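A.B. asks: Residues are numbered in the working numbering as their position in the sequence shown, beginning at 1, plus a constant of 3.
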Amino acid sequence: MEIISAARALEQEGYLIVRNALSTERVLALIHEVTCLEQQFQAREASETDVYKVSATRVMIHDIDTHGLQAIDELVSDDACNHLLNEIVGGKMLRWTATYANCKPGHPALAFHTDYDPYGCVKYRPNHPSCLRVLYYLDDLNAEKSPLHIAPRSHTFLHKDYQSDVLSNTLDVDIVSPTIATGDMIVIDPRVIHGTGENNSDRVRRVIAITYVPDWSRPLNA
Ligand SMILES: O=C(O)CCC(=O)C(=O)O
């Protein structure tokens with residue numbers, strides 16, 4: 004996809020899908036590293052910490068790019084992704100956070116929300132102008148396995164019901180649930196409203212989400 008048309012799609016719809024962004028080899032290397040990380044955290048941490056969130060059906064590890072793991076390091080500094088994002092924002096994208104989430108069988112739906120918090124200064128909910136989230140899928144999604152639901156153009160909605168603090172299981176606007184395959188990448192505007200369905204499959208559903216911020220920006224609330 005040409006960068007100009009990718010930028011326009013992202014600006015207008017609030018999300019952009021890049022198919023086959025990761026080769027099978029890279030996906031397997033990433034799965035190996037995140038599985039090892041999961042095991043290390045599980046063995047070491049008796050309870051949740053700032054970077055390790057765990058429930059019966061989900062493990063989430065923030066800042067996975069701080070462990071010196073090769074495939075993860077290559078992912079966060081991926082040339083193709085960085086080139087695309089740099090062109091879109093007209094600057095150099097800096098990595099802000101990288102998070103891994105594993106939603107296991109039985110994990111409930113994730114309510115509709117945004118990843119943007121203009122009023123706060125929480126590291127994992129960015130508020131820099133033109134920040135972007137990149138989601139890399141390590142497993143196929145389908146209707147049974149926590150599909151991603153997105154409300155296209157919702158990053159532009161003016162109504163109070165659709166602002167960045169939205170948290171709802173239902174949404175009275177058009178929703179799309181794109182087909183997503185292992186290795187696909189989705190770039191989202193953090194203001195776009197999204198959520199996921201339940202994991203009713205018997206398989207895990209793993210994703211790595213990276214936030215990038217432009218070098219010309221700074222947080223709205225520092
Ligand atoms: O797991 C997904 O598909 C989306 C993750 C998500 O909602 C988020 O990172 O805010």
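Heads up, the beta-carbon is just placed ideally off N, CA and C, and yes, glycines get one too. Model, not experiment: these values are computed from the prediction.
(1) Reducing DSSP to helix, strand and coil, say where N105 ends up.
(2) What distance in whole Å lies between the Cβ atoms of A212 and T52, which are believed to be in contact at a cut-off of 8 angstroms?
(3) Is Y127 helix, strand or coil when you go by DSSP?
(4) Taking DSSP as the reference, what is the three-state secondary structure of L174?
(5) Could you check if G71 is buried or exposed, using at least 16 other CB atoms within 10 Å of its CB as the buried criterion?
(6) What three-state label does DSSP hand H35 in the structure shown?
(7) Output yes or no for whether 8 angstroms exceeds the beta carbon distance between H131 and S220.
(8) Taking only heavy atoms of ligand 1 into account, decide whether any of them is closer than 7 angstroms to the Cβ of T199.
(9) For a minimum of 3 consecutive residues, which ranges assigned as the beta strand (DSSP E) are wholly contained in the region 131–156?
(10) Give a single yes or no on whether A104 has its beta carbon closer than 7 angstroms to a heavy atom of ligand 1.
(11) Indicate, with yes or no, if ligand 1 has a heavy atom lying under 7 angstroms from the CB of V54.
(12) Which value, in whole angstroms, describes the spacing of the CA atoms of T69 and A184?
C.D. replies: The structure says:
(1) The residue given as residue 105 occupies position 102 in the sequence shown. Note: N105 maps to strand in three-state DSSP.
(2) Taking the first residue of the sequence shown as 1, we reach residue 52 at position 49. Taking the first residue of the sequence shown as 1, we reach residue 212 at position 209. Contact doesn't hold; Cβ gap of about 18 angstroms is too wide.
(3) Counted from its first residue, the sequence shown places residue 127 at position 124. It is coil, neither helix nor strand.
(4) The sequence position of residue 174 within the sequence shown is 171, counting from 1. In this structure, L174 counts as coil in the three-state DSSP scheme.
(5) Locating residue 71 in the sequence shown gives position 68, counting from the first residue. By the neighbour-count rule (16 or more Cβ atoms within 10 Å), G71 is not buried but exposed.
(6) Position 32 of the sequence shown, counting from 1, holds the residue named residue 35. Looking at H35 - three-state DSSP - the assignment turns out to be helix.
(7) Numbered from 1 along the sequence shown, position 128 holds the residue referred to as residue 131. Numbered from 1 along the sequence shown, position 217 holds the residue referred to as residue 220. Cβ atoms of H131 and S220: closer than 8 angstroms.
(8) Within the sequence shown, the letter at position 196 stands for residue 199. Answer for T199: yes, Cβ within range of ligand 1.
(9) 135–140, 151–153
(10) In the sequence shown, the residue the question calls residue 104 occupies position 101. A104 Cβ: within cutoff of ligand 1.
(11) By one-based count along the sequence shown, residue 54 stands at place 51. No; taking the cut-off as 7 angstroms, the Cβ of V54 has no heavy atom of ligand 1 nearer than that.
(12) Looking up residue 69 in the sequence shown gives position 66. Looking up residue 184 in the sequence shown gives position 181. In a straight line, the C-alpha of T69 is about 27 angstroms away from that of A184.
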